[in-house]
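Numbering (my numbering), first residue to last: 383 to 471. Think of the CB as a built atom: it goes at the ideal place given N, C-alpha and C, for glycine as much as any other residue. Note that the coordinates shown come from a computational prediction; the quantities given were computed from them, not determined experimentally.
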């Protein structure tokens, strides 16, 4: 859980201020990883509604909309950051 703790520290956030824990990426399919995350966030239900294999495509689509100026006005106000550029698993 060290990468998660470091992420929270770097963001100057407390785990209580995290509203949703969204799982993306292959390692998040591992039941032990899911259990560790759920325990770390005090039993908070994990959001598994986004297919881990499609998450990158969603992000790329949002980035394309921002760069091209196309799409909904709300999309243009988003700041898309790659917070974990390397695989954790």
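Inclusion of residue 390 and residue 403 in the CB contact set at 8 Å is not warranted, their separation being larger than that value. Distance from the CA atom of residue 429 to the CA atom of residue 452, rounded to whole angstroms, is 28 Å. In the DSSP annotation of this structure, residue 393 is not part of any alpha helix (DSSP H), being labelled neither H nor E. Look at residue 428 here: in three-state DSSP terms it is strand.
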